[in-house]
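Visitor: The structure follows.
In UniProt numbering, the protein residues as written are 1 to 110.
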């Protein structure tokens, strides 16, 4: 009877070794899968960061362009105001000269 008892132990040991081996294989597969997913996650995070940087660059370029247009608009307005001021000063000088001339004529008459 000891044969049958030993046989069961041997069968049991083989099953345990086989299941242990299967679990080790599964653990290796899971570890490899985990590493691959970690790599994918790192790659996706890097791609996302690059996309954020690109979007920020695009936004800054749009803002820069807008500010340049605004600056050009202010410069044109400044030039127009400066020109208008020169014309007004010219008109004031002409009128001042006419006034002085009229005053001189009036003084000669008196």
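Note that the Cβ used here is the ideal one computed from N, Cα and C, for glycine as well.
Between the C-alpha atoms of residue 110 and residue 83, what's the straight-line distance to the nearest angstrom?
Guide: Taking the chain shown and counting its residues from 1, the one referred to as residue 110 is at position 110. Taking the chain shown and counting its residues from 1, the one referred to as residue 83 is at position 83. Distance between the alpha carbons of residue 110 and residue 83 is about 41 Å.
Visitor: Helix, strand or coil for residue 110, going by three-state DSSP, please let me know.
Guide: Counted from its first residue, the chain shown places residue 110 at position 110. Note: residue 110 maps to coil in three-state DSSP.
Visitor: Output the distance between the C-alpha atoms of residue 73 and residue 66, rounded to the nearest integer angstrom.
Guide: Here residue 73 refers to the residue found at position 73 of the chain shown. Here residue 66 refers to the residue found at position 66 of the chain shown. Using only the alpha carbons, I get a separation of about 11 Å.
Visitor: Alpha carbon to alpha carbon, what distance is there between residue 100 and residue 106?
Guide: What you label residue 106 is simply residue 106 of the chain shown in a count that begins at 1. What you label residue 100 is simply residue 100 of the chain shown in a count that begins at 1. Going by the C-alpha atoms only, they are around 10 Å apart.
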